[in-house]
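Convert by adding 91 to the 1-based position in the sequence shown; the result is the number in the working numbering.
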Amino acid sequence: MGTSKLADFLHFDPMDGSIPDRTPVRRYLRDLSSSFADQAACRARLQENPLLYQVTSIEDHTGTGQLHYGLGVLMPGKIGREYFMTKGHFHAWRPAAEVYIGLRGRGLMILEDERTGECRVVPLEANTVVYVPGWTAHRTVNIGEEPLVYWGIFSSEAGHDYGAIGKRNFRIVVVEKDNQPTIMDRSAFLQELGAQSS
Ligand code: MN
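Put into C-alpha cells, the structure is as follows:
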C-alpha cells in the first residue's frame, strides 16, 4: 500500500445514503426556486425551505481515464403537484456519459438530448441501472414515499453545467394527476395551472 489517501474502498449506507467521514452537499428549495413550474406553490414553501436532496461526491481521482462518483439521496415530496427533483445538468464536457444505479426508493430520470431535443423518461429505483449518454441533460425525480437513493458514476473530466438547462428548464415535468405520477409537457402543465388561477 502506498501513502496515498485516495479512497479505493468505501462503506456506504444504502438506506440513508451516507458515507462515513464524507460531507454531502445539500440542496434546499431556495436553491431550486426557479426549477418548479408552479411558482405560487414554490413561494408558499420558501419559508419552510425543505431539503430536496443531498449528494456526497467522491472526486479523489482526477485526470484522464479516472472516474468520479456520487451518492444521491432525493427526498419524497411535492411542490404543488410536481414531485421533488434535482436541479439537473449537462456535463461541461458534453461527450461524457454517466451510469446511475438505483439502491432504494422509486424514481424517474428525465433525459433531454441537446442535439435532437428528444426528451424521455426512464425508471430509476432499486435494482435498476440507467445509462445517460453524452450530450444529455439529466434530472432525477422521486415519485415514491421514501428517499430515493442512487449512485452516479461518470468521467472525472465530465464537469457539471447547470446553466444551459437551468435557463430553459426541461421540456417535460412529472406531476401528480388523479393520484398517479404523470409525465406532461411543461407548457401543457403551465396552461393547466394558468386555467386554474384565472
Ligand atoms: Mn451527471
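Every residue gets a Cβ at the ideal spot worked out from N, C-alpha and C, and that includes glycine. Keep in mind that this is a model prediction, so the values were computed, not measured.
Residue i Cβ short of 7 Å to the ligand MN heavy atom set
| i | result |
| --- | --- |
| H159 | no |
| F261 | no |
| E189 | yes |
| G254 | no |
| H152 | no |
| L102 | A small correction: the amino acid at residue 102 is His; Leu does not occupy that position in the sequence shown. Incorrect: H102 has no Cβ contact closer than 7 Å to the ligand MN. |
Spatially closest choice to residue i from the options, by CA coordinates
| i | options | result |
| --- | --- | --- |
| L142 | R185, D122 and E283 | D122 |
| N218 | G168, D104, Y191 and D112 | Y191 |
| V146 | Y160, R134 and E139 | Y160 |
| L284 | I256, V266, G108 and V221 | V266 |
| A98 | R113, S109, G156 and M106 | R113 |
| M200 | P186, R185, A187 and Y174 | Y174 |
| E364 | G108, F100, T155 and A135 | With the chain covering only 92 through 289, there is no way to say anything about residue 364. |
| F245 | M106, A131, D129 and R185 | R185 |
| A132 | Y253, K169, N233 and W226 | K169 |
| A255 | K178, F100 and G243 | K178 |
| M106 | E216, W226, E139 and R230 | E216 |
| A183 | D252, G163 and G243 | D252 |
| T227 | G171, F181, V212 and P214 | F181 |
| E189 | Q138, M166, R277 and G250 | G250 |
| T273 | H102, S124, E139 and V232 | V232 |
| R118 | L202, W242, M176 and L281 | M176 |
beta-carbon residue i near the ligand SAM non-hydrogen atom, thresh 7 Å
| i | result |
| --- | --- |
| G243 | By its list of ligands, the structure shown excludes the ligand SAM, since it contains just the ligand MN. |
Minimum Cβ-Cβ distance from residue i to chain B less than 8 Å
| i | result |
| --- | --- |
| G243 | This model lacks chain B altogether, as it is built from one protein chain only. |
Three or more beta-carbon pairs under 8 Å between the segment 208-215 and the segment 249-268, yes or no? Contact holds: three or more Cβ-Cβ distances are below 8 Å.
For the segment 237-248 and the segment 175-195, state whether three or more C-beta atom pairs, one from each stretch, are separated by less than 8 Å. Enough Cβ pairs lie closer than 8 Å, so yes.
My parser needs the beta strand (DSSP E) runs of 3 or more residues fully inside the segment 93-150; what are they? Listed in chain order, the complete beta strand (DSSP E) runs (minimum 3 residues) inside the segment 93-150 are 116-119 and 142-149.
Can you check the segment 252-283 for any alpha helix (DSSP H) of at least 4 residues that lies completely inside it and give the ranges in chain order? Whole alpha helix (DSSP H) segments, 4+ residues: 254-259.
How do the segment 220-233 and the segment 148-155 stand: do at least 3 beta-carbon pairs fall below 8 Å, yes or no? Look at the beta carbons and you see the segment 220-233 not touching the segment 148-155: under three pairs across the two are nearer than 8 Å.
Those runs of the beta strand (DSSP E) which lie wholly inside the segment 227-252 and span at least 3 residues: If we require 3 residues or more, the beta strand (DSSP E) runs fully inside the segment 227-252 come out as 227-233 and 239-246.
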